[in-house]
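Undergrad: Pasting a structure below so you can have a look.
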Amino acid sequence: MKRLEGKAAIVTGAARGIGLEIAMAFAAEGASVAVADLDGADSTAAAEAITARTGAKTLGLGLDVSKEADCDRAIEDTAKAFGKVDILVNNAGITKDNLVLRMKAEDFDSVISVNLKGSFLMAKAASRLMLKARTGRIINISSVVGQSGQAGQANYSASKAGLIGLTKSLAREFAPRQVLVNAVAPGFIRTRMTEGLKDEAKAKISEMIPLGRMGEPGEVAKAALFLAGEDSAYITGQVLAVNGGLYM
Ligand SMILES: NC(=O)c1ccc[n+]([C@@H]2O[C@H](COP(=O)([O-])OP(=O)(O)OC[C@H]3O[C@@H](n4cnc5c(N)ncnc54)[C@H](O)[C@@H]3O)[C@@H](O)[C@H]2O)c1
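The opening residue of the sequence shown carries number -7 in my numbering; numbering runs sequentially from there.
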């Protein structure tokens, strides 16, 4: 039997990168999956590609996770299409890197707004259904820099550290209703977010990683799949690092 047979999931920021791999992995394991991203047409195209590859039921949704009404609507639409929402993955994220002295206050706000507040808004909307159903999984995609800090990423690392606090608080609040909340903290993964790095920087990063290379989006998806399925039934409030040993 497939690991997520009969489950309904929504993954934010799933039109590409890590989110797309997570949505694909969930669908391959039997879940119906809503692909939610900024551009509705991109989401629909990604959803159709997932269905073509896996045969799973999918849905493409346009949303901005920093807007409460969008989050509420996305959860409603997912529940309407699949009858329920069992799994939420808060993966949508942005960077606006700069040294603190040059970082504009609005660039601090917007990164917190998407990465941290967006995850809160989605969790709040999904929890209405999950708490009633007395079952559910919420998986927040944090980052190694939320654990270690990173020069040039004060806004981003604060948002990702905040996400760990959010994960633990939601885990405590929702545990009595069997809604499990965990985070995945990827290290340096090969996606559009990291492709802008110069080759020299990439080589330096790989040297710092005990496993000697950057990670692949599929390797993060496998961790999310574990946290979404029955194999992690006694795990909540945890941060699963997928970083090649970069931060221990
Ligand atoms: N790539 C890495 O090395 C790495 C490392 C650690 C953590 N992460 C985290 O993993 C997640 C996915 O990253 P990725 O590398 O695949 O990035 P990516 O830029 O390839 O994908 C991010 C997706 O989020 C979407 N998005 C952005 N703002 C949004 C909003 N307001 N509402 C809805 N969707 C929005 C984008 O359109 C995009 O499709 C992010 O949260 C990122 O911070 C990535």
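Each residue gets a CB set at the ideal place from its N, CA and C atoms; glycine is no exception.
In this text the structure is predicted, and so the values were computed from the model without any measurement.
Taking the alpha-carbon positions, what's the K72 to T228 distance?
TA: For the purposes of this step, residue 72 is taken as residue 80 along the sequence shown, with counting starting at 1. For the purposes of this step, residue 228 is taken as residue 236 along the sequence shown, with counting starting at 1. Near 28 Å, if we compare the C-alpha coordinates of T228 and K72.
Undergrad: Could you tell me if A117 is buried or exposed, where buried requires 16 or more neighbouring beta carbons within 10 angstroms of its beta carbon?
TA: Start at 1 with the first residue of the sequence shown, and residue 117 comes out as number 125. By the neighbour-count rule (16 or more Cβ atoms within 10 Å), A117 is buried.
Undergrad: Whose C-alpha, out of V92, E98, A1, I86, is nearest the C-alpha of V57?
TA: Here residue 57 refers to the residue found at position 65 when the sequence shown is read from its first residue. Ranking V92, E98, A1, I86 by Cα distance to V57 puts I86 first.
Undergrad: Are three or more beta carbon pairs between the stretch 3 to 17 and the stretch 29 to 39 nearer than 8 Å?
TA: With the cut-off at 8 Å, the stretch 3 to 17 and the stretch 29 to 39 touch.
Undergrad: Taking all protein chains shown into account, do 16 or more other C-beta atoms lie within 10 angstroms of the C-beta of Y226, making it buried, or fewer, making it exposed?
TA: Here residue 226 refers to the residue found at position 234 of the sequence shown. Classification of Y226: exposed, given that the 10 Å Cβ count is below 16.
Undergrad: Within its chain, find whatever has a CB closer than 7 Å to the CB of R129; leave out the 5 residues flanking it on each side and keep chain order.
TA: To locate residue 129, count along the sequence shown from 1; it is residue 137. Answer for R129: D78, I79, L172, L219, A220, listed in chain order.
Undergrad: Evaluate the contact criterion for the stretch 11 to 28 versus the stretch 41 to 49: three or more CB pairs, one atom per stretch, below 8 Å.
TA: Because the criterion of three Cβ pairs below 8 Å is met, the stretch 11 to 28 and the stretch 41 to 49 touch.
Undergrad: Compute the Euclidean distance between the alpha carbons of A33 and D62, then round it to the nearest angstrom.
TA: As a working note, residue 33 is residue 41 in the sequence shown. As a working note, residue 62 is residue 70 in the sequence shown. Roughly 16 Å between the two C-alpha positions.
Undergrad: Less than 6 Å between C-beta atoms, sequence neighbours within five positions excluded: which residues of the same chain meet that for R120?
TA: What you label residue 120 is simply residue 128 of the sequence shown in a count that begins at 1. Cβ within range, chain order: n/a, list empty.
Undergrad: With three or more C-beta pairs closer than 8 Å as the rule, is the stretch 151 to 169 touching the stretch 198 to 215?
TA: Verdict: no, contact absent.
Undergrad: I need the straight-line Cα distance from T127 to R169, nearest angstrom please.
TA: If you number the sequence shown from 1, residue 127 lands on position 135. If you number the sequence shown from 1, residue 169 lands on position 177. Approximately 7 Å, taken between the alpha carbons.
Undergrad: If you reduce the DSSP assignment to three classes, tell me which class R169 lands in.
TA: The count along the sequence shown starts at 1 and reaches residue 169 at position 177. R169: helix per DSSP, three-state reduction.
Undergrad: Can you check which of these residues, I197, D64, A97, I104, is closest to A115 by C-alpha distance?
TA: Here residue 115 is taken as the residue at index 123 of the sequence shown, counted from 1. Checking every option, the nearest Cα to that of A115 belongs to D64.
Undergrad: Compare the Cα-Cα distances from N174 to each of V92, M206, I133, E222 and report the closest residue.
TA: For this step, residue 174 is matched to residue 182 along the sequence shown. Residue I133 is the option with its Cα nearest to N174.
Undergrad: In the DSSP output, what is A28 paired with across the bridge?
TA: Position 36 of the sequence shown, counted from the first residue, corresponds to residue 28. Looking at the DSSP assignment, A28 forms a beta bridge with T4, L53.
Undergrad: Does the Cβ of A175 lie closer than 7 Å to at least one heavy atom of ligand 1?
TA: Taking the sequence shown and counting its residues from 1, one reaches residue 175 at position 183. A175 Cβ: outside cutoff for every heavy atom of ligand 1.
Undergrad: Would the beta-carbon of I2 be found less than 7 Å away from any heavy atom of ligand 1?
TA: The residue given as residue 2 occupies position 10 in the sequence shown. No, ligand 1 has no heavy atom inside 7 Å of this Cβ.
Undergrad: Does DSSP put A177 in a helix, in a strand, or in coil?
TA: Translated into the one-based positions of the sequence shown, residue 177 becomes position 185. Looking at A177 - three-state DSSP - the assignment turns out to be strand.
Undergrad: What does the alpha-carbon distance come out to for the pair M206 and E13?
TA: Counting from one through the sequence shown, the residue named residue 206 turns up at place 214. Counting from one through the sequence shown, the residue named residue 13 turns up at place 21. About 16 Å.
Undergrad: Measure from the alpha carbon of G16 to the alpha carbon of each residue in R184, D69, G210, then state which is nearest.
TA: Here residue 16 refers to the residue found at position 24 of the sequence shown. Per the sequence presented here, residue 16 reads as Met, with Gly not at that position. Among R184, D69, G210, the Cα nearest to that of M16 is on G210.
Undergrad: On the three-state DSSP scale, how would you describe A139?
TA: Translated into the one-based positions of the sequence shown, residue 139 becomes position 147. Residue identity differs from the one stated: residue 139 is Gln in this sequence, not Ala. Three-state DSSP puts Q139 in a helix.
Undergrad: From E165 to L123, what does the alpha carbon distance come to, in whole angstroms?
TA: One-based indexing of the sequence shown puts residue 165 at position 173. One-based indexing of the sequence shown puts residue 123 at position 131. If you take the alpha carbons of E165 and L123, they lie about 10 Å apart.
Undergrad: What I want to know is whether the C-beta of N83 ends up closer than 7 Å to one or more non-hydrogen atoms of ligand 1.
TA: Locating residue 83 in the sequence shown gives position 91, where the first residue counts as 1. Yes, Cβ of N83 sits closer than 7 Å to a heavy atom of ligand 1.
Undergrad: Give the DSSP-derived three-state secondary structure of N235 in the structure shown.
TA: For the purposes of this step, residue 235 is identified with residue 243 of the sequence shown, where counting begins at 1. Three-state result, N235: coil.
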